[in-house]
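There are 2 protein chains.
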Amino acid sequence: MTTMKEIARQTGVSVSTVSLVMNHRDAGRVKPEIASRVRETARQLGYQINPMARSLRTNSTRILGFISDAVATTPYAGGMILGAQSAASRLGYMLITVSTDGGMKEDDEIDALKRYGADGFLYAKMSNRITDVPSKLLDYPVVLTDATDRNGVIPSVEPNEFLIAYDATTHLIKAGCERIAYVGCSETMIAQEGRLAGYRAALENAGRDFDERVVTNVPNNGPALREVSTLFDAEHPDGFFCFNDARAWYVYECAARRGLTVGKDISVVGVDNHRVFAETLEPQLTTVELPHFEMGYWAATKLISMIENRPMNDIEWPKTTAPLPPIDAPIPAKIHCTLLEKGSVAR
Amino acid sequence: MTTMKEIARQTGVSVSTVSLVMNHRDAGRVKPEIASRVRETARQLGYQINPMARSLRTNSTRILGFISDAVATTPYAGGMILGAQSAASRLGYMLITVSTDGGMKEDDEIDALKRYGADGFLYAKMSNRITDVPSKLLDYPVVLTDATDRNGVIPSVEPNEFLIAYDATTHLIKAGCERIAYVGCSETMIAQEGRLAGYRAALENAGRDFDERVVTNVPNNGPALREVSTLFDAEHPDGFFCFNDARAWYVYECAARRGLTVGKDISVVGVDNHRVFAETLEPQLTTVELPHFEMGYWAATKLISMIENRPMNDIEWPKTTAPLPPIDAPIPAKIHCTLLEKGSVAR
DNA sequence: ATGAAAGCGCTAACAG
DNA sequence: CTGTTAGCGCTTTCAT
Chain E
1 MTTMKEIARQ TGVSVSTVSL VMNHRDAGRV KPEIASRVRE TARQLGYQIN
51 PMARSLRTNS TRILGFISDA VATTPYAGGM ILGAQSAASR LGYMLITVST
101 DGGMKEDDEI DALKRYGADG FLYAKMSNRI TDVPSKLLDY PVVLTDATDR
151 NGVIPSVEPN EFLIAYDATT HLIKAGCERI AYVGCSETMI AQEGRLAGYR
201 AALENAGRDF DERVVTNVPN NGPALREVST LFDAEHPDGF FCFNDARAWY
251 VYECAARRGL TVGKDISVVG VDNHRVFAET LEPQLTTVEL PHFEMGYWAA
301 TKLISMIENR PMNDIEWPKT TAPLPPIDAP IPAKIHCTLL EKGSVAR
Chain Y
1 MTTMKEIARQ TGVSVSTVSL VMNHRDAGRV KPEIASRVRE TARQLGYQIN
51 PMARSLRTNS TRILGFISDA VATTPYAGGM ILGAQSAASR LGYMLITVST
101 DGGMKEDDEI DALKRYGADG FLYAKMSNRI TDVPSKLLDY PVVLTDATDR
151 NGVIPSVEPN EFLIAYDATT HLIKAGCERI AYVGCSETMI AQEGRLAGYR
201 AALENAGRDF DERVVTNVPN NGPALREVST LFDAEHPDGF FCFNDARAWY
251 VYECAARRGL TVGKDISVVG VDNHRVFAET LEPQLTTVEL PHFEMGYWAA
301 TKLISMIENR PMNDIEWPKT TAPLPPIDAP IPAKIHCTLL EKGSVAR
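Quick note, the sequences are listed as chains E and Y, same order.
Residues 1 to 347, numbered by full-length UniProt numbering, are exactly what the first sequence covers, in order.
Residues 1 to 347, numbered by full-length UniProt numbering, are exactly what the second sequence covers, in order.
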């Protein structure tokens, strides 16, 4: 492993000069010619900065802690992690992920992350809920992902449920459906509210009436199938907007039992939480994916902007890597998530 | 953040003594009475070792790199990560996870991990395949997870497909099924071979004949439904062992169209890859879960044993935390995965 | 049995 | 503009 000392020796300058150059702090402080000689030897030697040594000095590790409650039991987490990792990676940060399912004590995991010097934390829930942020986190920069702070002080990135439902419903309208049902969720979730509103807005915007008879809120298991069944026989919808793919499955089963084929006799749009339908049922089912990647991406970006204490749109993007969502504040409208700046945010 | 210096000051000893004690290297070198005074102040001050500073000296970070190819697109990864995290955490290690889907360049991620000082790597694929280990990894300790090294030199932890299929089929036999079909996978995967053998062995062990007519290997999409349909009408099986839940879904759809109810008229056991069925269809469907958690757990354990250069069964387990798979070599038989020691392993 | 001192690779004052 | 110096928190000889 090449060190600055080595570069200094080979270039015939001091380590401090090398340090300055390697950290792009050489403008007006190091003669350009020397600077470029330093860069050249660094390149030749394949120099990689030693983040450990640096953090020991600076008390900043460029490590982000990602705390999730359910990496093992849902596929959602993966997308978020990936989004966060992408943003982090582009800005020179690293992500350490811990999960608190599987019997891991949350506080212990937070301690471990702190020991390893995390500069800030992403606190992720796997579906938008009012959330208490662990007090251990409050002395660090934190951004919530797919969750809402109970006290309204921590910034969060959440799905735009209204837009998701609006677009899905509009899709069914354009596909020619006459009677569009909403198979919702009976648990009180933040998502449900926005979805219903979006569904309603899309209908009314198309000059249709909102009809309570085709709206059903089913719980997550067994008896749900009966409710969907009733809906089928009583209302004969030809389009279904489903809260998630478990509900989409009820629709499939009911259709099959009635000799109806999805994609021909009826249309279904489901919000895709698991990937099984996406893999199996295309092109019968249109799935809407929750913007997990984007949420992770923007949350990490926001977190870094807090850590480095500069505004979102001031963040300098390395030009080196592949195309990804551009970084301009605010989050582009067509991406279905929103950044909620909260009271605690300096600017 | 309390430092050793502070503890030394308050206890009236030197830092070296504190270091000795905090690293449990004090046996016979520090007077027991002093040692316990040191431990006491450390406890009072809530001392936590600074891993950065330590690694700067020792060139060992107790960081494990977990490289996955698909955290975002499958839910498998989560379980593995969690298992690896559990084992790591119990042995005082930390896991840094990177994924190479989502356009991340694998080599770049490996470089980043190396910069952060990873002591070794877990290289995970999301279904058992013959795999080339990136050459960048070969100068570090590596364990493959759910993958098999093409050159047969890297140790790996893989699912025991035979056992999985054997148990699933036996389950159907005990449930009273007379004619048990195997809905397999037509892609050449390592899993398929073991599953078919396990299915066959279970049948023969129960004194039944293996009957090719109820064995079907369907590809992953569309036309598959027709093959299952044919199987239904031509052979009338009353039990189905499905390669995964996409295939289980075909069986469900066919059953529904024939007015048959799963859990009453026919029985289905599917290997659960996604969670949707587990969440939705209980108790109609019996799912067998792949031992993702266990694979991650054992792989991390093995990796640490390699890093610290001691045998698996020599690993000291902290007694502090919740019950988890016990650590004795070999891996207990009822856990459906196997550790393959390979040529490169010292012992 | 304990402490003093050097040094891991880097950054940041401060001199020059 | 560039180099010298000190020190981040820890481990590790080497004296005592």
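For glycine and all other residues, C-beta sits at the position ideal for the given N, C-alpha and C.
Check: Runs of alpha helix (DSSP H) wholly within the stretch 148-175 of chain Y (minimum 4 residues, chain order); Outcome: 161-174
Check: Sequence-distant residues of its chain with Cβ nearer than 6 Å to Ser55(Y) (five each side left out); Outcome: Thr61, Gly117
Check: Beta strand (DSSP E) segment containing Ile96(E), residue limits; Outcome: 94-99
Check: Extent of the continuous alpha helix (DSSP H) run through Tyr76(E); Outcome: 76-90
Check: Pick from Leu231(Y), Ala191(Y), Val15(Y), Ile304(Y) that is closest to Ser127(Y), judged by C-alpha positions; Outcome: Ala191(Y)
Check: Own chain partners of Ala299(E) with C-beta closer than 6 Å, once the 5 adjacent residues on each side are dropped; Outcome: Leu122, Val143, Thr145, Val157
Check: Between the CA atoms of Ser305(E) and Leu260(Y) - distance to the nearest angstrom; Outcome: 57 Å
Check: C-alpha gap between Phe293(E) and Pro159(E), whole angstroms; Outcome: 11 Å
Check: Whole-angstrom C-beta distance between Cys242(E) and Val183(E), which should lie under 8 Å; Outcome: 5 Å
Check: Minimum Cβ-Cβ distance from Phe189(Y) to chain E less than 7 Å; Outcome: According to the sequence displayed, residue 189(Y) carries Met and not Phe. Not one chain E Cβ lies under 7 Å of Met189(Y).
Check: C-beta atoms of Ala181(Y) and Pro237(Y) nearer than 7 Å; Outcome: yes
Check: Residue span of the beta strand (DSSP E) that contains Ala124(E), given as start and end; Outcome: 120-124
Check: Test: Lys319(Y) CB closer than 7 Å to a CB of chain E; Outcome: Since pLDDT at Lys319(Y) reaches only 30, below the 50 mark, its modelled position is unreliable, and the value read off the structure follows with that caveat. No - not a single Cβ of chain E is within 7 Å of the one on Lys319(Y).
Check: Length of the line joining the Cα atoms of Ser19(Y) and Tyr93(Y); Outcome: 19 Å
Check: Status (buried if at least 16 other CB within 10 Å, exposed otherwise) for Ala27(E); Outcome: exposed
Check: Val153(Y) burial status per 10 Å Cβ neighbour count (16 or more: buried); Outcome: exposed
Check: Assigned secondary structure, Asn205(Y) (DSSP; H/G/I helix, E/B strand, else coil); Outcome: helix
Check: DSSP three-state assignment for Gly12(E), whether helix, strand or coil; Outcome: coil
Check: Per-residue DSSP class, three states only, for Phe66(Y); Outcome: strand
Check: Candidates Ala8(E), Pro134(E), Ile49(E): closest to Ile67(E) by CA position; Outcome: Pro134(E)
Check: Check: Ala234(Y) C-beta below 6 Å from any heavy atom of the ligand HEM; Outcome: Ligands in the displayed structure: none, and consequently the ligand HEM is not present.
Check: Supposed close pair Ala165(Y), Tyr199(Y) - CB separation, criterion 8 Å; Outcome: 5 Å
Check: Beta-ladder partner(s) of Ala181(E), from DSSP; Outcome: Phe240(E)
Check: Own chain partners of Lys5(Y) with C-beta closer than 7 Å, once the 5 adjacent residues on each side are dropped; Outcome: Val15
Check: Which of helix, strand or coil DSSP assigns to Gly198(E); Outcome: helix
Check: Coil, strand or helix - Asn144(E) by DSSP; Outcome: The displayed chain sequence assigns Leu, not Asn, to residue 144(E). Strand, per DSSP.
Check: Under 8 Å from the C-beta of Pro51(E): neighbouring residues of chain Y; Outcome: Arg115, Tyr116, Gly117
Check: Short Cβ contact (7 Å threshold) for Thr41(Y) with Asp69(Y); Outcome: no
Check: CA nearest to the CA of Pro155(Y), picked from Arg179(Y), Asp245(Y), Ala124(Y), Gly176(Y); Outcome: Ala124(Y)
Check: Contact belief for residue 348(Y) with Glu161(Y) at Cβ below 8 Å, rounded distance in angstroms; Outcome: Only positions 1 to 347 of chain Y appear in this structure, which leaves residue 348(Y) out of reach.
Check: Whether Gly120(E) touches Tyr297(E) by CB criterion (7 Å); Outcome: no
Check: Coarse secondary structure for Trp317(Y), derived from DSSP in three states; Outcome: Unreliable positioning characterises Trp317(Y) in this predicted model, as indicated by a pLDDT of 38, which lies under 50. The coordinate reading is nonetheless provided below. Here Trp317(Y) sits in coil by DSSP.
Check: Alpha-carbon to alpha-carbon, Cys185(E) and Arg226(E); Outcome: 15 Å
Check: Contacting positions in the stretch 70-98 of chain E - beta carbon closer than 9 Å to chain Y; Outcome: Ala70, Val71, Ala72, Thr73, Thr74, Pro75, Tyr76, Ala77, Gly78, Gly79, Met80, Ile81, Leu82, Gly83, Gln85, Ser86, Ser89, Met94, Leu95, Ile96, Thr97, Val98
Check: First through last residue of the alpha helix (DSSP H) which encompasses Val30(Y); Outcome: First-last for Val30(Y): undefined, no H or E at that position.
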